[in-house]
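Trainee: Quick one: this structure, given as structure tokens, is what I'll be asking you about.
There are 2 protein chains.
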Amino acid sequence: MSDPAPGLNSAQLGAYFALMEVSSLLQYAVDEHLRADGDLSWVQFQILARLTDAPGGRLRMTDLADGVVYSRSGLTYQAGLLDKRGLITRAPSPDDERSVMVTVTDAGRALVGQVLPGHVDRVRQLLIEPMTGTDVAALSAVLGRVRDHMRANPPRSAKPRAGRNRAG
Amino acid sequence: MSDPAPGLNSAQLGAYFALMEVSSLLQYAVDEHLRADGDLSWVQFQILARLTDAPGGRLRMTDLADGVVYSRSGLTYQAGLLDKRGLITRAPSPDDERSVMVTVTDAGRALVGQVLPGHVDRVRQLLIEPMTGTDVAALSAVLGRVRDHMRANPPRSAKPRAGRNRAG
DNA sequence: TATTGTTATACTCTATAACTATA
DNA sequence: TATAGTTATAGAGTATAACAATA
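This is the structure:
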């Protein structure tokens with residue numbers, strides 16, 4: 006388990022470096038497409054996509070922050086941009102007046118619909134294409150487990166209030 | 006996941022989402038540590054690490070840009086910061102007066118040595134620990150193949166001069 | 001008091017284009 | 001002309017802290 010040696014062996018290093026490089030390249034490519042095709046940042050796209058998938062097309066800011074952003078103000082900033090463009094609306098929640106319910110507008114759904122095909126194309130072309138079906142299944146399973154582990158063991162300094170603390 | 010994105014099945018989507026989330030969380034954790042322990046950004050750490058690994062501790066700016074940064078000016082900026090802190094030096098290459106040779110200083114090596122253990126700790130704790138040895142090997146192999154594919158098939162808009170074009 | 005969200009502010013980083021110098 | 005690198009500039013994004021309002 007815990008390798009007593011100070012470093013990582015070559016397979017471990019290989020996994021680490023490959024992960025970082027693949028994700029960086031994919032992120033860059035995808036970001037670029039979203040910007041060109043829909044004038045959306047990655048974060049903005051994620052917000053819209055999550056809302057589109059949510060029942061009623063709406064979520065609280067807090068739910069939205071979770072996993073999308075690392076600070077509350079960052080989400081407020083991005084939501085402000087989407088709001089300004091008419092892609093979402095924000096209104097106080099009836100249940101809890103402190104909360105803000107964010108809702109995708111028709112324009113927001115339309116934009117997601119416009120951008121999604123090209124987005125998926127890039128992901129398939131860059132990430133999926135070089136893998137076999139077995140590879141994809143294995144990758145999904147392994148990284149899913151890693152993700153669960155990361156959520157359960159957040160970095161020590163994880164802020165009590167910022168996003169990403171899904172473990173609690 | 007009401008209606009899966011057109012063209013990607015759930016395993017493919019799962020692999021995509023897990024990859025993005027895992028890399029995001031890992032990046033965040035690692036970045037945070039580097040900042041706290043050595044006042045280094047991820048890019049700066051990569052520059053220093055690459056130089057430390059290079060023969061003679063030196064590389065040309067162009068070699069350094071390759072895979073670390075997406076624009077030349079970005080590298081100049083980061084190198085400028087490292088230079089100011091005495092962690093690297095820059096001098097025109099004797100071979101080609103257009104090139105700049107970047108060299109790690111002793112202070113730069115010392116800082117890498119100071120930061121590396123904690124860095125490795127985080128990577129192991131977050132990424133390696135939840136995987137079996139077989140998982141690690143499989144992840145490394147699959148992502149290595151994906152990385153090679155991405156390098157060989159850069160996004161259409163890849164700039165002719167910016168970094169990341171290792172395909173040639 | 002704790003939680004939800006916004007705002008003000010300052011800062012880091014990035015990218016584009018114009019520029020210099022060398023090949 | 002093409003390549004290597006820097007600089008000026010401008011913009012996007014982020015984080016922290018102070019803030020208001022509700023629970």
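First to last, the protein sequences are chains A and B.
Going by the numbering used here, the letters in the first sequence line up with residues 6 to 173, in that order.
Going by the numbering used here, the letters in the second sequence line up with residues 6 to 173, in that order.
Ideal placement from N, C-alpha and C gives every residue a C-beta, glycine not left out.
Please read these numbers as outputs of a predicted model, since none were measured by experiment.
Please confirm whether V120 of chain B has its beta-carbon closer than 7 Å to some beta-carbon of chain A.
Mentor: Closer than 7 Å: no.
Trainee: So, G43 of chain A versus V120 of chain A, is the Cβ gap smaller than 7 Å?
Mentor: Yes.
Trainee: If the cut is a Cβ gap below 8 Å, which residues of chain B does A70 of chain A touch?
Mentor: Within chain B, no residue comes near A70 of chain A; the closest Cβ sits about 14 Å away, beyond 8 Å.
Trainee: Express the C-alpha separation of A115 of chain B and R152 of chain A in angstroms, rounding to a whole number.
Mentor: For R152 of chain A and A115 of chain B, the distance between alpha carbons rounds to 33 Å.
Trainee: Cutting at 8 Å between CB atoms, please list the residues of its own chain near L13 of chain B, excluding the five before and the five after it.
Mentor: Closer than 8 Å at Cβ, skipping near neighbours: Y21.
Trainee: What are the start and end residues of the alpha helix (DSSP H) that includes L53 of chain B?
Mentor: Segment 47 to 58, the alpha helix (DSSP H) holding L53 of chain B.
Trainee: Under 7 Å Cβ-Cβ, which residues of chain A neighbour R129 of chain B?
Mentor: Chain A residues near R129 of chain B: L13.
Trainee: Look at the alpha carbon of S29 of chain A and the alpha carbon of V147 of chain B, and state the distance between them as a whole number of angstroms.
Mentor: In a straight line, the C-alpha of S29 of chain A is about 16 Å away from that of V147 of chain B.
Trainee: L39 of chain B and F50 of chain B: beta carbons closer than 7 Å?
Mentor: Closer than 7 Å, so yes.
Trainee: Against chain A, does Y207 of chain B count as a neighbour if the rule is that its beta carbon must be under 7 Å from one of theirs?
Mentor: Nothing can be reported for residue 207 of chain B: it is not among the residues displayed for chain B, which extend from 6 to 173.
Trainee: Short of 6 Å in beta carbon distance, which residues of its chain neighbour A84 of chain B, apart from the five on each side in sequence? Order them along the chain.
Mentor: For A84 of chain B, where only same-chain residues beyond five positions count, there are no Cβ hits under 6 Å.
Trainee: Starting from the Cα of D36 of chain A, find the closest Cα among A:W47, A:V27, A:Y75 and give me that residue.
Mentor: For D36 of chain A, the nearest C-alpha among the options comes from A:W47.
Trainee: According to the Cβ coordinates, are I93 of chain B and V117 of chain B closer than 7 Å?
Mentor: Not a contact, by the Cβ cut-off of 7 Å.
Trainee: Going straight from the alpha carbon of P9 of chain B to that of L144 of chain A, what length do you get?
Mentor: No answer about P9 of chain B holds up, because its pLDDT of 48 lies below 50 and its placement is not dependable.
Trainee: Straight-line CA distance for A41 of chain A to L24 of chain B?
Mentor: Near 23 Å, if we compare the C-alpha coordinates of L24 of chain B and A41 of chain A.
Trainee: Within a Cβ cutoff of 6 Å, which residues of the same chain sit near Q17 of chain A, ignoring the five residues on either side of it in sequence?
Mentor: Around Q17 of chain A: no qualifying Cβ.
Trainee: Helix, strand or coil: how does DSSP classify T94 of chain B here?
Mentor: Looking at T94 of chain B - three-state DSSP - the assignment turns out to be strand.
Trainee: What in chain B is Cβ-close to D101 of chain A, meaning under 8 Å?
Mentor: Residues of chain B passing the Cβ test: none, with the nearest at roughly 26 Å.
Trainee: Which value, in whole angstroms, describes the spacing of the CA atoms of R127 of chain B and M136 of chain B?
Mentor: If I take the Cα positions, the gap works out to 14 Å.
Trainee: Less than 6 Å between C-beta atoms, sequence neighbours within five positions excluded: which residues of the same chain meet that for G123 of chain A?
Mentor: Only H38, D42 meet the Cβ criterion.
Trainee: Would the beta-carbon of A70 of chain A fall within 7 Å of that of L86 of chain A?
Mentor: Cβ atoms of A70 of chain A and L86 of chain A: not closer than 7 Å.
Trainee: From the DSSP output, which residues share a beta bridge with V105 of chain B?
Mentor: Paired residue(s): B:P97.
Trainee: Have a look at V27 of chain B and D111 of chain A and give me their C-alpha separation to the nearest angstrom.
Mentor: In a straight line, the C-alpha of V27 of chain B is about 31 Å away from that of D111 of chain A.
Trainee: Less than 6 Å between the CB of S28 of chain A and some heavy atom of the ligand NAP, yes or no?
Mentor: Absence of the ligand NAP is noted for the structure shown, with no ligands found whatsoever.
Trainee: When you compare the CB of Q51 of chain B with every CB in chain A, is at least one pair closer than 7 Å?
Mentor: Taking Cβ atoms only, chain A never reaches closer than 7 Å to Q51 of chain B, which makes this a no.
Trainee: Please check the pair L131 of chain B and M155 of chain A, which I expect to be a contact at CB under 8 Å, by giving their CB distance rounded to whole angstroms.
Mentor: So it is a contact: roughly 5 Å between Cβ atoms.
Trainee: Hey, out of A:A34, A:D88, A:V105, whose CA is closest to L53 of chain A's CA?
Mentor: That would be A:D88, whose Cα lies nearest to the Cα of L53 of chain A.
Trainee: Does any residue of chain B have a CB that is nearer than 7 Å to the CB of P97 of chain A?
Mentor: So no, P97 of chain A is outside the interface.
Trainee: Enumerate in chain order the residues of its own chain whose CB-to-CB distance from A96 of chain A is below 8 Å, with the five nearest sequence positions on each side excluded.
Mentor: Counting only Cβ-Cβ distances below 8 Å, and skipping sequence neighbours, we find V105, M106, T108.
Trainee: Express the C-alpha separation of E134 of chain B and L31 of chain A in angstroms, rounding to a whole number.
Mentor: Rounded to whole angstroms, L31 of chain A to E134 of chain B spans 25 Å at the Cα level.
Trainee: Is the shortest distance between the beta-carbon of P165 of chain A and the beta-carbons of chain B less than 7 Å?
Mentor: Note that P165 of chain A scores a pLDDT of 48, beneath 50, so its modelled location is shaky; the value from the coordinates is reported in the next line. Not closer than 7 Å to any Cβ of chain B, the Cβ of P165 of chain A fails to qualify, so no.
Trainee: Would you mind telling me which residues of chain A sit closer than 8 Å to D44 of chain B, beta carbon to beta carbon, in chain order?
Mentor: Within chain A, no residue comes near D44 of chain B; the closest Cβ sits about 15 Å away, beyond 8 Å.
Trainee: Which one of A:V125, A:D101, A:G91 has the shortest CA to CA distance from G113 of chain A?
Mentor: Closest by alpha carbon: A:G91.
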